[in-house]
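Participant:
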């Protein structure tokens with residue numbers, strides 16, 4: 003038998019970190035996991051126009067647009083799994099679109115932020131955190147933070 007996870011403590015901690023990764027940390031935040039202020043997805047993606055978002059930094063590499071699309075895809079996939087849907091991941095397709103015009107770039111940014119907002123709401127609705135739910139929630143946190151870091155490095159080059 004495993005010890006139960008304190009739902010309220012987990013939610014506070016998880017949402018604190020998720021909000022920071024999204025780019026909306028609490029105003030009274032004592033510190034930062036992202037390190038740089040205003041360095042979450044929201045602020046980061048607003049600093050990049052569609053032209054820069056469509057450039058690769060290495061032959062055969064991804065673009066910022068592709069990274070944002072992939073992060074959105076991952077969160078959406080976990081949402082579907084959490085609802086009990088039978089889904090099969092298509093990882094190569096998850097990086098599409100990689101080249102965007104202004105409208106498609108806005109859609110890609112909005113898609114990611116909306117997926118993260120929906121996932122935040124799903125976390126609040128969980129009554130009990132079992133191991134599978136914990137893996138999914140923490141996976142979203144880690145995966146989106148990883149790709150945010152990749153995008154922040156790519157911005158320096160494109």
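Numbering (the numbering used here), first residue to last: 3 to 160.
Note that beta-carbon positions come from the ideal geometry of N, C-alpha and C, so glycine has one too.
Hey, out of 154, 103 and 147, whose CA is closest to residue 20's CA?
Facilitator: Of the candidates 154, 103 and 147, the one whose C-alpha sits nearest the C-alpha of residue 20 is 147.
Participant: Just to confirm, is the Cβ distance from residue 120 to residue 81 under 8 Å?
Facilitator: The answer is yes: Cβ separation under 8 Å.
Participant: Do residue 123 and residue 69 come within 8 Å of each other at the CB atom, strictly closer than that value?
Facilitator: Against a cut-off of 8 Å, the Cβ pair of residue 123 and residue 69 comes out as no contact.
Participant: Please state whether DSSP places residue 34 in a helix, a strand or coil.
Facilitator: DSSP places residue 34 in coil when its eight states are reduced to three.
Participant: How would you call residue 31, buried or exposed, if buried means at least 16 neighbouring beta carbons within 10 angstroms?
Facilitator: Residue 31 comes out exposed.
Participant: Beta carbon of residue 23, beta carbon of residue 126: below 8 Å?
Facilitator: No, the Cβ-Cβ distance between residue 23 and residue 126 is not below 8 Å.
Participant: With a Cβ-Cβ cutoff of 8 Å, do residue 103 and residue 72 count as a contact?
Facilitator: Not a contact, by the Cβ cut-off of 8 Å.
Participant: Please report the residue range of the alpha helix (DSSP H) in which residue 74 lies.
Facilitator: Where residue 74 is concerned, the enclosing alpha helix (DSSP H) stretches over 66–84.
Participant: Alpha carbons only, please: which of 7, 18, 44 and 29 is nearest the one belonging to residue 116?
Facilitator: With distances taken between Cα atoms, residue 116 lies closest to 44.
Participant: Whose C-beta lies closer than 6 Å to the C-beta of residue 56 among residues of the same chain, with five residues either side of it excluded?
Facilitator: Answer for residue 56: 65, 67, 101 and 102, listed in chain order.
Participant: Quick one: Cα of residue 106 to Cα of residue 98, how far?
Facilitator: In a straight line, the C-alpha of residue 106 is about 11 Å away from that of residue 98.
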